[in-house]
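Chains as they are written, first to last, in the numbering used here: chain A, 1124 to 1279; chain B, 28 to 122. We put the CB at the ideal spot given by N, CA and C, even for glycine. The next block holds one structure in the form of structure tokens; read it before the comments.
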Amino acid sequence: MSNVRQYELVYIALPDSTEEALADLHQQIAGIVERFGGTIDKTEAWGRRRLAYDINNQREGNYVLDVLTGPPAMTAELDRRLRVLDIVMRHLVVRVDEDLAVADRAKTRRKEATVARRVRRGLPPEPTETELHRRQEENDDLDAGVDMGYRAGGDR
Amino acid sequence: MRDDEGRGGRGGKKDDKDKAGARRTFFRRRRLCKFCVEKVDYISYKDVKLLSPFIPERGKIQPRRISGTCATHQRALQTAIKRARQLALIPYVTD
């Protein structure tokens, strides 16, 4: 029931914006996040990237990714602010905690199933060194087969 | 599928030839959901490399019947592609 969620914020700033301008922008975002009692967990600057299509007559953009934790009201405010700022060409806020939790659950469930299966067969729960080695070799063979593409009786 | 039509009747040789030609086109690669096989749990919109095989030249989203992606993953893929488009990581259209 906690009201704190995790979000990813990606924004694209003008390609010719200076370091200071970007730092200032980041400060503003941090200010908003703080005001709502949230935190910035991670910041990743992807740097200048080519855009897949022109935005505001620009062919490139300065991408920055922030991982935020905070209440939903925070995203509304961020959205509003970022839409007003001229330096930001485009932004996107996405809630990620639920999807990541689902992915995590799937992962653990798969792991548990593997362990249970191995135990039932009377094997140690974790694959041994030699097994891993052998599997690697098998996978190598598999790749070669896939590259050849067609397989008899492959219809449906 | 064309077996029924090609069967019976005279011109055996011709039919056989026809059939062989048709057969070859029916050899289809076994379609497997790539995400299931590689055990991808979360399809991120940031991962252009992961998404790009499902975007044909025109920029559309590849249908499931062609790529073989399972329904669950196709849905996740769809959201991811649409998000990536908003961020200009992937084009909406290319001519």
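For residue 110 of chain B, decide whether its Cβ has a neighbour in chain A, counting only Cβ atoms nearer than 8 Å.
-> yes
Which value, in whole angstroms, describes the spacing of the CA atoms of residue 102 of chain B and residue 66 of chain B?
-> Distance from the CA atom of residue 102 of chain B to the CA atom of residue 66 of chain B, rounded to whole angstroms, is 16 Å.
Contact check, residue 1175 of chain A vs residue 83 of chain B, beta carbons under 8 Å | no
Chain B beta carbons: is any one of them nearer than 8 Å to that of residue 1170 of chain A?
-> Not closer than 8 Å to any Cβ of chain B, the Cβ of residue 1170 of chain A fails to qualify, so no.
Counting only beta-carbon atoms, is residue 1130 of chain A nearer than 8 Å to chain B?
-> By this cut-off, residue 1130 of chain A is not an interface position.
Measuring only between beta-carbons, confirm whether residue 1234 of chain A sits less than 8 Å from chain B.
-> no
Using a C-beta cutoff of 8 Å, does residue 87 of chain B count as contacting chain A?
-> no
Sort out for me which residues DSSP pairs residue 1191 of chain A with in a bridge.
-> A:1130, A:1163
So which residues of chain B does residue 1223 of chain A contact, with C-beta pairs closer than 8 Å?
-> 69
Nearest-angstrom Cα separation, counted from residue 1221 of chain A out to residue 1275 of chain A = Note that residue 1275 of chain A scores 49 on pLDDT, short of 50, meaning its location in the model is unreliable; the coordinates nonetheless yield the value given after this. Their Cα atoms are separated by approximately 42 Å.
Whose C-alpha, out of B:108, B:113, B:96, is nearest the C-alpha of residue 64 of chain B?
-> B:96
Does any CB atom of chain B fall closer than 8 Å to the CB of residue 1230 of chain A?
-> yes
In this structure, does DSSP put residue 1146 of chain A in helix, strand or coil?
-> For residue 1146 of chain A, the secondary structure class from DSSP, reduced to helix, strand or coil, is helix.
Check the Cβ-Cβ distances between residue 32 of chain B and every residue of chain A, and say whether any is below 8 Å.
-> Its pLDDT being 45, under 50, residue 32 of chain B is placed unreliably by the model, and the measurement read from it follows with that caveat. Chain A has no Cβ within less than 8 Å of the Cβ of residue 32 of chain B.
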